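Participant:
Rendered as structure tokens:
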């Protein structure tokens, strides 16, 4: 049900102290989230200022849309921020930015887009976070809800910003949430929430893995059901006595787990086999974990198990996530460009029964590349490295497997093609962010696909 604007404004005032008449609001950041916040506030009749540190971020179309709003670009104005009552800070902007930190020290309130969203909906929320698998599980659960005949809004850190989901009425929201979104969220109260896993990531923004995990744990604030991956000790430790909890594991028995019967592995719920692992279209045991998480969240939301399994049997996965691109001369080429951290790369490698040629590299974001070593030793025939932190990868894996250096994706693909033999796979799973050489991970993945298809031409 869509709430009346006056009700939303009253809730914003009660929950966040945001007053359309009295509050001095600065929206910080004009990416997709910041634009969604600006549209939301404009629709409610709030007055505010928008600030972005980039000089040329505002398109002519956006400037026209925000014609009534003051937009300040360039270096953040410390005085502007400190004189505000509220900063609504986009997830892409660090709270340690000098002007923001100074404002916080003076008592200025920081609000995130998810707080605004939670105050504006009556429908239940399923909230999903983790280092890896968030988008896949979010999409799975969204498709399960649709299959159950539920009007569902799917977005957040994936695709549509949360506040833009309010344009269409929904009976349920399935949100992918990043650590940066959770860091500035005070209220969530989800019907069901999960931390899928935690591995070293974003250490350029978080002070430690423990700090990163602490932000992830905020997804459970007020949730009715906690869905916990007990394969990760740091996640298992998030369980709270007295809270309704559903566990899942691909290693040991849990509420949802994997078990073998007559030589066939099944996704299990309790003692009940739900789906043969071989019926999952997605490759890799990490995708089996994603399926278990989606099933657990669906059960928490009251979805029919048989219908959920039908969705999983036909789930084709997402682009740039273990995406099979082509088979050329008996070699399978796989695009896993979304593997922007070590944990994702390790999970991808561990899913293989045979040796692969790995293409890796980019911006390591402060991560320790030595964590790649066991998986590379066990699964890689060779590694083609590229990008800003290629030397860090080479230093870590030197002596484990042959290492080849490439200047760009086309060269990396050609080197991999010269090494790969029939029955092997070439896997782009960079273990790093992409912004050192590409617009984003999608651009990197597209360049890989293009280079692979050029091998056929």
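In the numbering used here, the protein residues as written are 11 to 467.
In this text, a Cβ means the ideal position worked out from N, Cα and C, and glycines have one as well.
For clarity, every value in this text was computed on a predicted model and none was experimentally measured.
1) Under 8 Å, with one C-beta from each stretch per pair, do the stretch 340-353 and the stretch 317-327 reach the 3-pair mark?
2) Nearest CA to the CA of residue 249: which residue from 204, 303, 330, 55?
3) What did DSSP end up calling residue 300 once you bin it into helix, strand or coil?
4) Give every residue of the same chain whose Cβ lies closer than 6 Å to the Cβ of residue 362, excluding the five residues on either side of it in the sequence, and list them in chain order.
5) In chain order, which beta strand (DSSP E) runs of at least 3 residues are fully inside the stretch 226-285?
6) Consult DSSP for residue 139 and reduce its assignment to one of helix, strand or coil.
7) For the 8 Å Cβ check, are there 3 or more pairs between the stretch 183-194 and the stretch 119-135?
8) Please report the Cβ distance between residue 226 and residue 140, rounded to the nearest whole angstrom; I am assuming they are in contact, meaning their Cβ atoms lie under 8 Å.
9) At which residues does the beta strand (DSSP E) containing residue 401 begin and terminate?
10) Strictly by DSSP, which residues pair up with residue 443?
11) Would you call the stretch 367-379 and the stretch 391-399 touching, i.e. three or more CB-CB distances under 8 Å?
12) State the DSSP-derived secondary structure class of residue 115, mapped to helix, strand or coil.
13) Alpha carbon to alpha carbon, how far is residue 240 from residue 117?
14) Taking just the CA atoms, how far does residue 420 sit from residue 461?
15) Can you tell me which of 24, 170, 67, 340 puts its alpha carbon nearest to the alpha carbon of residue 434?
16) Pick helix, strand or coil for residue 392, following the three-state DSSP scheme.
17) Using CA atoms only, rank isn't needed, just tell me which of 159, 151, 355 is closest to residue 165.
18) What residue range is occupied by the uninterrupted alpha helix (DSSP H) comprising residue 170?
19) Can you round the beta-carbon distance between residue 183 and residue 208 to whole angstroms, since I take them to be within the 8 Å contact cut?
20) Decide if residue 333 is buried, meaning its Cβ has at least 16 other Cβ atoms within 10 Å, or exposed.
21) Count the C-beta pairs between the stretch 155-163 and the stretch 45-60 that are closer than 8 Å, then say yes if the count reaches three, no if not.
22) So, does the stretch 406-413 touch the stretch 377-394, judging by three or more C-beta pairs under 8 Å?
23) Identify, in the order they occur along the chain, each residue of the same chain with its Cβ nearer than 8 Å to the Cβ of residue 255, setting aside the five sequence neighbours on each side.
24) What does DSSP give as the partner residues of residue 58 in its beta bridges?
25) Can you give me the start and stop residues for the alpha helix (DSSP H) that residue 73 sits inside?
26) Per DSSP, what are the beta-bridge partners of residue 163 in this structure?
27) Look at the Cβ atom of residue 37, then the Cβ atom of residue 98, and state whether they are nearer than 7 Å.
28) Identify which residue in 430, 127, 175 has its Cα closest to the Cα of residue 25.
29) Determine the direct distance from the alpha carbon of residue 357 to that of residue 391, and round the result to whole angstroms.
30) Does the beta-carbon of residue 53 have 16 or more other beta-carbons within 10 angstroms, so that it is buried, or is it exposed?
31) Using only alpha-carbon positions, find the residue among 259, 198, 436 that is nearest to residue 364.
32) Count the other CB atoms within 10 Å of the CB of residue 3; is the residue buried (16 or more) or exposed (fewer)?
Facilitator: So, from the data block:
1) no
2) 204
3) helix
4) Contacts found: 389.
5) 235-239, 254-258, 266-271, 274-279
6) strand
7) yes
8) At roughly 7 Å, the Cβ-Cβ gap stays under 8 Å, so residue 226 and residue 140 are in contact.
9) No beta strand (DSSP E) holds residue 401; the alpha helix (DSSP H) holding it covers 400-407.
10) Answer is 373.
11) yes
12) helix
13) 39 Å
14) 5 Å
15) 340
16) The answer is strand: DSSP assigns residue 392 an E or B state.
17) Residue 151 is the option with its Cα nearest to residue 165.
18) Unbroken run through residue 170: none, as it is neither H nor E.
19) Contact flag wrong, Cβ pair sits at about 24 Å.
20) buried
21) no
22) yes
23) 235, 236, 237, 238, 249
24) 35
25) 70-75
26) 183
27) yes
28) 127
29) For residue 391 and residue 357, the distance between alpha carbons rounds to 17 Å.
30) exposed
31) 436
32) Given a span of 11 to 467 for the chain in the structure shown, any question on residue 3 remains unanswerable.
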